[in-house]
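Remarks on the structure that follows.
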Amino acid sequence: HEVNQLAAGLRDSGVPFLWVSREETVKLDGGPGDKGMVVPWCDQMKVLAHGAVGGFLAHCGWNSVLEGVFMGVPMITFPLVFDQKANSKLIVEDWGVGWRGKGSIGV
Numbered sequence: 004h005e006v007n008q009l010a011a012g013l014r015d016s017g018v019p020f021l022w023v024s025r026e027e028t029v030k031l032d033g034g035p036g037d038k039g040m041v042v043p044w045c046d047q048m049k050v051l052a053h054g055a056v057g058g059f060l061a062h063c064g065w066n067s068v069l070e071g072v073f074m075g076v077p078m079i080t081f082p083l084v085f086d087q088k089a090n091s092k093l094i095v096e097d098w099g100v101g102w103r104g105k106g107s108i109g110v
């Protein structure tokens with residue numbers, strides 16, 4: 004499953020990360036490691052306002068797009084469904100505030 008591979012790559016990179024998922028979509032053998040945290044919810048605006056945040060992997064839902072742009076945090080877009088692909092285009096091609104993720108899910 005591509006999402007689990009992405010999460011495992013983050014964990015194995017040794018880079019601190021926060022993964023927010025409402026569902027149990029991330030199943031990491033061995034857990035998130037000592038640099039990662041997986042939570043079901045967070046106050047995204049507070050997280051994006053933190054000085055340690057250098058980027059944001061976004062599924063490109065409109066609220067997340069607005070929050071990322073408002074807080075000035077660059078995004079890696081990973082659209083999944085519906086309008087998220089068009090939102091990814093806005094972020095990457097029109098506004099120039101992000102990069103497109105690659106993979107079978109991302110555009």
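Each residue of the sequence shown is one higher than the last, beginning at 4 in the working numbering. The beta-carbon is built from N, C-alpha and C at its ideal position, and this holds for glycine as well.
Should residue i go down as buried or exposed, given a rule of 16 or more other Cβ atoms within 10 Å for buried?
i   : result
W44 : exposed
G12 : exposed
M48 : exposed
L83 : exposed
Smallest Cα separation from residue i: which of the options?
i   : options             : result
A89 : K49, L21, V56, H62  : H62
V98 : K105, L69, D86      : The sequence shown places Trp at residue 98, not Val. The shortest Cα separation from W98 among K105, L69, D86 belongs to L69.
K38 : M74, P19, D32, Q8   : P19
L31 : K105, L9, G101, G17 : L9
N66 : M40, D86, H53       : D86
W22 : M40, V84, K105      : M40
F73 : V100, V84, P82      : V100
Do residue j and residue i come within 9 Å of each other at the CB atom, strictly closer than that value?
i    : j   : result
D15  : G36 : yes
L93  : G71 : no
V95  : T80 : yes
V112 : F59 : Residue numbering for the chain in the displayed model covers 4 to 110; residue 112 lies beyond these limits and cannot be assessed.
Once you ignore the five residues that flank residue i on each side, which residues in its own chain have a CB closer than 7 Å to its CB?
i   : result
G17 : K38
- What alpha helix (DSSP H) runs, 4 residues minimum, are completely inside the segment 10-89? 47-52, 65-74
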